[in-house]
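Undergrad: Taking the working numbering, I'd label the letters of the sequence shown as residues 890 to 1662.
In this text, a Cβ means the ideal position worked out from N, Cα and C, and glycines have one as well.
No experiment lies behind these values; they were computed from the predicted model shown.
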Amino acid sequence: MSGTPEVSADGHEPPSFQPGQSPAPSFHPYHHPAAGWGAAKSVTRFLVREREGIDGPRAILKMNHENGGFDCPGCAWPDDRKGLHLDICENGIKHVAWEMTHKRVGPDFFAAHTVSELSGWSEFELENQGRLTAPMSYDPDTDTYVPIAWDAAFHLVGMALRELANPNQAAFYTSGRLGNEATFLYQLLARELGTNNLPDCSNMCHEASGRALQAALGTGKGTVDLADWETADALILLGVNAASNAPRMLTALTEAHRRGAAIVHINPLIEAAARRAIIPHDFLQMATFHATPTSSLNLQPRIGGDMAVIRGMAKAVLERARTEQHAIDREFIQRHTSGFEEYQTLCEDTPWAEIERGCGLSEGEIRRAARIYSESDRTVISWCLGVTQHEHGVDTVREIVNLLLLRGNLGREGAGPSPVRGHSNVQGNRTCGIDHHPKPEFLDRLARVCGIDPPRAPGLDTVGAIEAMHAGKVRVFVGMGGNFAIAAPDTAYTFAALRNCDLTVHVSTKLNRSHLVHGRRALILPCLGRTERDEQRAGLQESSVEDSMSMVHLSRGMKRPASPHLRSEPAIIAGIARAALPNSATPWEKYVEDYDLIRDTMSEVLDGFEDFNRRVRLPLGFRIRQPARELTFHTPSGLAEFSAAPLPDPTVRPGTLTLATVRSHDQWNTTIYSDSDRYRGVGNLRTLVFLNADDMRERGLAQFDRVDITSFARDGSTRRLNGYTAIAYDIPRGCAVGYMPEMNVLCAIGDFSTQSDQPIMKNLTVTVERGAD
Ligand SMILES: Nc1nc2c(c(=O)[nH]1)N[C@H]1C(S)=C(S)[C@@H](COP(=O)(O)OP(=O)(O)OC[C@H]3O[C@@H](n4cnc5c(=O)[nH]c(N)nc54)[C@H](O)[C@@H]3O)O[C@H]1N2
Ligand SMILES: Nc1nc2c(c(=O)[nH]1)N[C@H]1C(S)=C(S)[C@@H](COP(=O)(O)OP(=O)(O)OC[C@H]3O[C@@H](n4cnc5c(=O)[nH]c(N)nc54)[C@H](O)[C@@H]3O)O[C@H]1N2
Ligand SMILES: [Mo]
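(1) How big is the Cα-Cα spacing for G972 and V1406?
(2) Using a Cβ-based criterion (distance less than 8 angstroms to any ligand heavy atom), does K992 qualify as near ligand 2?
(3) Answer yes if the region 1367-1375 comes into contact with the region 1402-1416, meaning at least three C-beta pairs across the two stretches below 8 angstroms, and no otherwise.
(4) Three-state secondary structure (DSSP) at N1611?
(5) Using 9 angstroms as the limit for Cβ to Cβ distance, is A1661 near chain C?
(6) Can you list, in chain order, the residues of its chain with a C-beta nearer than 6 angstroms to that of W1039? Leave out the 5 residues immediately preceding and following it.
(7) List the endpoints of the continuous alpha helix (DSSP H) containing F998.
(8) Check whether the Cβ atoms of D1496 and R1467 lie closer than 9 angstroms to each other.
(9) Considering only residues of the same chain and omitting the five flanking positions on each side of V1129, which have a CB-CB separation below 6 angstroms?
(10) Select from T1120, H1326, L1078 and C1636 the residue whose C-alpha is nearest the C-alpha of M1369.
(11) DSSP three-state call for W1557: helix, strand or coil?
(12) What would DSSP say about R1296, mapped onto helix, strand or coil?
(13) Let me check understanding here. Comparing Cα to Cα, which of Y1628, F1593 and I1598 lies closest to W1557?
(14) For E1231 and R1267, what's the separation of their Cα atoms in angstroms?
(15) Which value, in whole angstroms, describes the spacing of the CA atoms of W1580 and E1631?
(16) Is any heavy atom of ligand 3 found at a distance shorter than 8 angstroms from the C-beta of N1558?
(17) Evaluate K1204 with the Cβ neighbour count: other Cβ atoms within 10 Å of its Cβ, from every protein chain shown; 16 or more gives buried, anything less gives exposed.
(18) May I have a chain-ordered list of the beta strand (DSSP E) segments no shorter than 3 residues that lie completely inside the region 1374-1406?
(19) Mind checking A1097: buried by the 16 CB within 10 Å criterion, or exposed?
(20) At a cut-off of 8 angstroms, is P1136 close to ligand 1 when judged by its beta-carbon and the heavy atoms of the ligand?
(21) Name the DSSP beta bridge partners of D1597, please?
(22) T1234: buried (16+ other C-beta within 10 angstroms of its C-beta) or exposed?
(23) What distance in whole Å lies between the Cβ atoms of I1638 and D1379, which are believed to be in contact at a cut-off of 8 angstroms?
(24) On the three-state DSSP scale, how would you describe M1093?
(25) Please confirm whether any heavy atom of ligand 1 lies closer than 8 angstroms to the CB of M989.
(26) On a CA-only basis, which of L1293, R1287, G1297 and V1198 is nearest E1252? Give me that one, please.
(27) When you compare the region 1467-1480 with the region 1139-1151, are there three or more beta-carbon pairs, one atom per stretch, that lie closer than 8 angstroms?
(28) Does DSSP put L1078 in a helix, a strand or coil?
(29) Please check the pair A1411 and T1393, which I expect to be a contact at CB under 8 angstroms, by giving their CB distance rounded to whole angstroms.
(30) Is any non-hydrogen atom of ligand 2 found closer than 8 angstroms to the C-beta of Q1425, if you look at the structure I gave you?
(31) Based on the DSSP secondary-structure assignment, which residues constitute the bridge partners of L1443?
(32) Closest to Q1278 by C-alpha separation, out of I1649, D997 and L1653, would be which residue?
(33) Does DSSP put S1184 in a helix, a strand or coil?
(34) Taking DSSP's pairing of strands, which residues face G1305 in a bridge?
(35) Less than 9 angstroms separating the beta-carbons of V1338 and E1493?
(36) Comparing C-alpha positions only, which one of A1161, G1361 and T1226 sits nearest to N1055?
Here it is as structure tokens:
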């Protein structure tokens, strides 16, 4: 038996992340520019703590190089493609250093600590032990992980998969870091076995964007590239904390400001990127402390109010079009779109009062944003989780597309929709087949080229897989990277689901919670990180990745692997495949010897990957064809489609607040680097909730008061977090913000969007009350 999780749904108080040294929490609003010296200082402190004095900086200079470097394993923001060789950021550096640490978690460590004991450790402590070095298997008699040979581990997984009554009793999760070649093999393994159960982190992230863009434009991706960001007259950003989560966007924002482009931020919080920044690699700016503004207008709607804001902007643009011929692009609308009249009528019929009520902004504020949009010839609209993790995520992204279509902001330079993807290869995962609901054309090609008979029925996504594990319908869970146990919603429910499995398998670089919340049998399979040399029979191998803007390029690790026992992700997948499918005609072993052979197969299966091996070796890689960019729309009408959805009802249950769960500056999803959140002015505190000062006053709360948070699910159930700290913050009334993954305790498993099936992690209904001191 593994021990009780320290994260429980009721009465849980997460521990301090660095026990033994618990400095007093602090809060001082941040007034400095984003990036610059603050970032440099933070990086230095981090590298010193991680003892990465020499290797860190040396590796970092290799990152994002056009030839021979490795792709930053951090976010999916594209690399600077104009020969700038130092396109790096504070968080990318931390991310790389975290992977390259000298610390190791080997068999001795596991022998010395039972799983029950480790269950009491914090996320920080677990990951901070260093890199995993050898395959480990759970031994229930001693409640420890013990070493297991690779072949025995593969045999164990293979047998468990072969013993299943049907292949849909297995689920194969992907976290968005997996390279394209491994991704292709992984989905092939699942489909050759006979299941489309391929949940991925995208189900919690940009599923809404994919579905909306597919419906509106016939492509699941954004249409813009970095050159468009560099030529836009206006950039409109919704629901992204760029300075922390896509810091290299700061370069694009500062450059935009310098050339006179307008920048509008729509976010309940005024985040650091919405003020001013020092470009991370602009040494003159750093030396002179000179910062560039990165915002022309900040709008702070209520949480979940974005669709109303965009509707208001469209309404104002359409009003203007009554008297100004060119306020909308009539020719574009006529030639390339369908559904305009209905949308126009809908905008005209939506009263300003409803729009104001829907977002909490005034008509005047929305008109200011609309004026900026109307006066810009080329506009890029970009968004991230603040838009997607909502019930109306799909409708909202479609509303964004509607607004772009009105002025023909599509298929030309400097214009278009630009979702900011999360993990460095989350977009590539989907492109290469991680999709629980694959298109028939893709399956047809897979069947023809790979000689398999893939299942046609849709599989399970993240929430579906958790429910199926809970119900005993999925018995084997394989996690290819990530930290499923705490990244997923409803921590207690997800823990119970994982524990209900016959076998849980995690392919990981570092120890994390998901290894401790395991099935009856459990394996930890340690893999190479992206920074490490991947030697196979045919020599040093490279893997490809796709960034947020559809650029595919090679990534080559250069560090000596953390342990000689590590295997590459393709090798681990092939090992499992051979054990699970002994008679498979797929050349698994050959694929692993030489990834060029995987790419040859991929080039035949995947649209846009023709001549993959040659094109991926071009100095900058290649861009996947984007039909919508060429104004070719694979939609039912063959045109870009306007949508005409009603605005969400903004009514909230009396006495409740709407809570959004977000990342701090010093974390990578479930990986916590420190308890501080520099740009929001927070020191040494993660168990906090940001509230409007009036909402605090109304509840009789003072700064730093202890509070308990209760969430109310749609099915009437409640979940609770005790011992949080209230912080008065510049946030609209009725809104609350706190950190993931701790707050996943509050997200009910059933509360996912009916439009995207995404958990509504930015839209929880909660009460916040004074807690016991
Ligand atoms: N350093 C670092 N980089 C990362 C990550 C990380 O954890 N650390 N994670 C990666 C991943 S997987 C992803 S998906 C991305 C996530 O990148 P973000 O989407 O920036 O992630 P969050 O921290 O969840 O922040 C969401 C933002 O939305 C705002 N917001 C909340 N509710 C609303 C709303 O209703 N409307 C609007 N307009 N805004 C709202 C919040 O104030 C916050 O600024 O970042 C990636 N990059
Ligand atoms: N409440 C709430 N919950 C959320 C969100 C939210 O905004 N609010 N955001 C959601 C989003 S957008 C996402 S993407 C998910 C993130 O969910 P995941 O992707 O599942 O989680 P990560 O924290 O990114 O995973 C970290 C782990 O990945 C492993 N790892 C690191 N590098 C590698 C590698 O190269 N290979 C392999 N195999 N493993 C590696 C390490 O063991 C590390 O512990 O969380 C989601 N959960
Ligand atoms: Mo994500």
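TA: Quick look at the numbers:
(1) Any reading at G972 needs caution, since the residue's pLDDT is 44, under 50, leaving its predicted position unreliable; the model's value is listed next. The straight-line gap from Cα to Cα measures roughly 45 angstroms.
(2) no
(3) yes
(4) strand
(5) Of the protein chains in this structure there is only one, and it is not chain C.
(6) P1024
(7) P996 to A1001
(8) no
(9) C1273 and V1309
(10) L1078
(11) strand
(12) coil
(13) Y1628
(14) 25 angstroms
(15) According to the sequence as given, residue 1580 is Leu; it is not Trp. Each residue's alpha carbon lies about 17 angstroms from the other.
(16) yes
(17) buried
(18) 1392-1397
(19) buried
(20) yes
(21) E1658
(22) exposed
(23) 4 angstroms
(24) helix
(25) no
(26) V1198
(27) no
(28) helix
(29) 5 angstroms
(30) no
(31) S1433
(32) I1649
(33) coil
(34) V1269
(35) yes
(36) G1361
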